[in-house]
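As structure tokens, the structure follows; a few thoughts come after it.
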Ligand SMILES: [Zn+2]
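Residue numbers (the working numbering): 159 to 551.
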């Protein structure tokens with residue numbers, strides 16, 4: 159049986175910088191260039207996804223999202239893509255699947271608006287759908303840099319959906335503390351793992367082997383869903399970890415071992431974050447190659463063009479500055495200046511959360527800015543950014 163793959167074209171109609179259509183286009187192009195696309199099997203979109211969406215989201219939320227021009231349609235097709243994959247895997251038409259969809263879903267709850275680029279909680283809706291097809295216990299694995307707060311919210315008291323998220327708990331949406339383990343009947347079925355700035359393959363694999371795999375020995379999932387965000391990858395624009403393509407290949411292999419052991423190989427994976435399109439395509443192709451049982455990641459045919467340079471550390475992202483362990487305590491203040499050197503602010507560093515500091519970005523006019531970290535010993539580190547490029551929707 160083949161691995162399923164669908165690039166849902168309607169998902170390209172929605173634009174939201176930096177969650178851009180190029181993220182999924184690049185995945186399709188790379189699969190074709192490296193010869194994997196023809197070995198994959200397509201599958202059908204679910205024909206009536208909103209009926210399934212409203213088994214989890216409120217009707218008010220679905221109506222509000224549907225009413226957003228462009229984005230509402232793209233969000234509906236994104237969730238239809240994931241549900242279609244669940245159905246095809248459930249019916250044994252494909253072995254497993256990767257859904258090249260956007261907008262992503264793992265931050266969405268029921269706020270009747272977009273949250274962190276997300277509209278419908280794609281994998282959470284898919285979990286409920288898998289259950290309706292007879293797969294009683296569902297595992298959701300989230301390897302995005304950011305916490306999968308949507309799945310945690312929806313299933314916090316539910317022992318039938320096990321939610322496992324690795325993330326930086328100081329980053330958006332500022333949730334995901336390890337002590338949040340579920341409540342009531344769902345206590346012990348929500349697992350949050352904070353990984354520090356600069357986390358590598360070995361850190362991620364270690365939490366899988368010491369926490370996730372042992373937990374699954376008693377949970378024994380009937381279906382596995384992956385919220386596959388590639389902002390956990392090295393050289394991402396927003397994430398601050400260094401997971402390599404080899405890391406995603408290896409994580410996928412571990413997920414497949416679990417799926418073979420407990421649920422006849424059933425895995426459906428859906429794209430979440432990842433903001434360096436070339437990097438997303440490399441990480442996703444490594445992930446898909448593993449799902450296909452390819453012996454190795456296909457040879458890279460165009461090493462590095464389009465990739466961002468390795469980021470400076472500390473890493474500055476959207477008004478937050480992430481520090482390697484122990485580094486934040488050495489900083490006296492954070493300063494932002496315009497390109498003409500006029501001061502926007504100078505903030506003393508006092509509130510440090512999980513090695514991250516919120517610089518409380520003020521409303522800025524379009525232009526170039528410089529962030530400057532001033533260390534207690536007098537050293538400074540500067541990082542320039544362009545407001546229009548980074549922040550404008
Ligand atoms: Zn993310």
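The C-beta atom is built at its ideal place from N, Cα and C for all residues, glycine as well.
Checklist line | For residue 273: DSSP bridge partner residues | finding: Here residue 273 is taken as the residue at index 115 of the chain shown, counted from 1. Beta bridge pairing from DSSP links residue 273 with 276.
Checklist line | Cβ-heavy atom distance, residue 493 to ligand 1, below 7 Å | finding: The residue you call residue 493 lines up with position 335 of the chain shown. Incorrect: residue 493 has no Cβ contact closer than 7 Å to ligand 1.
Notebook entry, point to check: If you draw a straight line from the C-alpha of residue 478 to the C-alpha of residue 274, how long is it?
Noted result: In the chain shown, the residue the question calls residue 478 occupies position 320. In the chain shown, the residue the question calls residue 274 occupies position 116. Near 15 Å, if we compare the C-alpha coordinates of residue 274 and residue 478.
Check: Is the beta carbon of residue 306 within less than 7 Å of some heavy atom of ligand 1?
Finding: By 1-based counting over the chain shown, the position of residue 306 is 148. With a cut-off of 7 Å, the C-beta of residue 306 is classified as distant from ligand 1, since no heavy atom of the ligand falls inside that distance.
Item checked: Alpha carbon of residue 249 to alpha carbon of residue 329, nearest angstrom -> As a working note, residue 249 is residue 91 in the chain shown. As a working note, residue 329 is residue 171 in the chain shown. Straight-line spacing of the CA atoms in residue 249 and residue 329 works out to 38 Å.
Notebook entry, point to check: Helix, strand or coil for residue 442 per DSSP?
Noted result: To locate residue 442, count along the chain shown from 1; it is residue 284. Note: residue 442 maps to helix in three-state DSSP.
Notebook entry, point to check: According to DSSP, is residue 300 helix, strand or coil?
Noted result: Numbered from its first residue, the chain shown carries residue 300 at position 142. Residue state, collapsed to three classes: strand.
Notebook entry, point to check: Do the region 333–342 and the region 290–297 touch if we need at least three Cβ pairs shorter than 8 Å?
Noted result: no
Note to self: Would residue 277 and residue 223 qualify as a contact pair, given that the criterion is a beta-carbon distance under 8 Å?
What the structure shows: In the chain shown, counting from the first residue as 1, residue 277 sits at position 119. In the chain shown, counting from the first residue as 1, residue 223 sits at position 65. Their beta carbons are under 8 Å apart, which means residue 277 touches residue 223 by this criterion.
Next item on the list: Enumerate in chain order the residues of its own chain whose CB-to-CB distance from residue 185 is below 6 Å, with the five nearest sequence positions on each side excluded.
Entry: Walking along the chain shown from the start, residue 185 turns up at place 27. 258, 439, 442, listed in sequence order.
Next item on the list: Kindly identify the DSSP beta-bridge partner or partners of residue 491.
Entry: In the chain shown, the residue the question calls residue 491 occupies position 333. For residue 491, which the question treats as bridged, DSSP gives the partners 506, 532.
Check: Can the beta-carbon of residue 359 be found closer than 8 Å to that of residue 353?
Finding: For the purposes of this step, residue 359 is taken as the residue at position 201 of the chain shown. For the purposes of this step, residue 353 is taken as the residue at position 195 of the chain shown. It is not a contact, given that the beta carbons lie outside the stated cut-off.
Item checked: Integer Cβ distance of residue 490 from residue 534, believed to fall under 8 Å -> Indexing the chain shown from 1 puts residue 490 at position 332. Indexing the chain shown from 1 puts residue 534 at position 376. Their Cβ separation, rounded to whole angstroms, is 5 Å, which keeps residue 490 and residue 534 in contact under 8 Å.
Notebook entry, point to check: Given residue 271, which residues of its chain have a CB within under 6 Å of its CB, disregarding the five upstream and five downstream residues?
Noted result: By one-based count along the chain shown, residue 271 stands at place 113. Hits under 6 Å: none found.
Margin query: For residue 445, count the other beta carbons within 10 Å of its own beta carbon; 16 or more makes it buried, fewer makes it exposed. Which is it?
Written below: Within the chain shown, numbered from 1, the residue matching residue 445 stands at position 287. Buried is the call here.
Check: Are the CB atoms of residue 363 and residue 409 nearer to each other than 8 Å?
Finding: Taking the first residue of the chain shown as 1, we reach residue 363 at position 205. Taking the first residue of the chain shown as 1, we reach residue 409 at position 251. Result yes, Cβ atoms of residue 363 and residue 409 sit closer than 8 Å.
Notebook entry, point to check: On the premise that residue 255 lies in contact with residue 163, defined as a C-beta separation below 8 Å, what is that separation, rounded to the nearest angstrom?
Noted result: As a first step, residue 163 is located in the chain shown; it is residue number 5 there, counting from the start. As a first step, residue 255 is located in the chain shown; it is residue number 97 there, counting from the start. About 7 Å; that satisfies the 8 Å criterion.
Note to self: Need the endpoints of the alpha helix (DSSP H) that residue 166 sits in, please.
What the structure shows: Counting from 1 along the chain shown, the entry for residue 166 is found at position 8. Unbroken run through residue 166: none, as it is neither H nor E.
Notebook entry, point to check: Apart from the five residues on each side of it in sequence, which residues of its chain come closer than 8 Å, Cβ to Cβ, to residue 218?
Noted result: Stepping through the chain shown from its first residue, residue 218 is reached at position 60. Cβ within range, chain order: 268, 270.
Checklist line | residue 262 to residue 538 span [Cα, whole Å] | finding: Sequence index remark: in the chain shown, residue 262 carries index 104 (1-based). Sequence index remark: in the chain shown, residue 538 carries index 380 (1-based). A direct Cα-to-Cα measurement between residue 262 and residue 538 gives close to 37 Å.
Note to self: Assuming residue 223 is part of the alpha helix (DSSP H), what are its boundary residues?
What the structure shows: Position 65 of the chain shown holds residue 223. Residues 217–224.
Note to self: For a minimum of 3 consecutive residues, which ranges assigned as the beta strand (DSSP E) are wholly contained in the region 352–405?
What the structure shows: Restricted to the region 352–405, the beta strand (DSSP E) segments that are unbroken, complete and at least 3 residues in length are 381–386, listed in chain order.
Note to self: I need the DSSP call for residue 527, collapsed to helix, strand or coil.
What the structure shows: Along the chain shown, one-based indexing puts residue 527 at 369. For residue 527, the three-state secondary structure derived from DSSP is strand.
Check: Would the beta-carbon of residue 480 fall within 8 Å of that of residue 351?
Finding: The residue labelled residue 480 in the question sits at position 322 within the chain shown. The residue labelled residue 351 in the question sits at position 193 within the chain shown. Cβ distance not < 8 Å, so residue 480 and residue 351 don't count as in contact.
Note to self: For a test of the three-state rule: what should DSSP assign to residue 452, helix, strand or coil?
What the structure shows: Start at 1 with the first residue of the chain shown, and residue 452 comes out as number 294. Residue 452: coil per DSSP, three-state reduction.
Margin query: Closest to residue 346 by C-alpha separation, out of 326, 322, 452, 172, would be which residue?
Written below: Here residue 346 is taken as the residue at index 188 of the chain shown, counted from 1. Measuring from the Cα of residue 346, the nearest candidate turns out to be 322.
Notebook entry, point to check: DSSP on residue 253, reduced to helix/strand/coil?
Noted result: Here residue 253 corresponds to residue number 95 of the chain shown, with the count starting at 1. Of the three classes helix, strand and coil, the one that applies to residue 253 here is coil, per DSSP.
Note to self: Tell me the rounded alpha-carbon separation between residue 469 and residue 494.
What the structure shows: Here residue 469 corresponds to residue number 311 of the chain shown, with the count starting at 1. Here residue 494 corresponds to residue number 336 of the chain shown, with the count starting at 1. Confidence in residue 469 is poor, its pLDDT being 46 and thus under 50, which makes the residue's placement unreliable; the coordinate value appears in the next sentence. The straight-line gap from Cα to Cα measures roughly 19 Å.
Next item on the list: Confirm, please, whether the CB-CB distance from residue 239 to residue 554 is below 8 Å.
Entry: The structure shown does not extend to residue 554, since the chain is modelled only from 159 to 551, so the question has no answer here.
Next item on the list: Please state whether DSSP places residue 542 in a helix, a strand or coil.
Entry: As a working note, residue 542 is residue 384 in the chain shown. Here residue 542 sits in strand by DSSP.
Margin query: Could you compute how far the alpha carbon of residue 318 sits from the alpha carbon of residue 536?
Written below: Position 160 of the chain shown, counted from the first residue, corresponds to residue 318. Position 378 of the chain shown, counted from the first residue, corresponds to residue 536. If I take the Cα positions, the gap works out to 54 Å.
Checklist line | Inter-residue Cα distance where the pair is residue 242 and residue 192 | finding: For the purposes of this step, residue 242 is identified with residue 84 of the chain shown, where counting begins at 1. For the purposes of this step, residue 192 is identified with residue 34 of the chain shown, where counting begins at 1. Going by the C-alpha atoms only, they are around 25 Å apart.
Next item on the list: Assign residue 240 to one of three DSSP states: helix, strand, or coil.
Entry: Locating residue 240 in the chain shown gives position 82, counting from the first residue. Helix.
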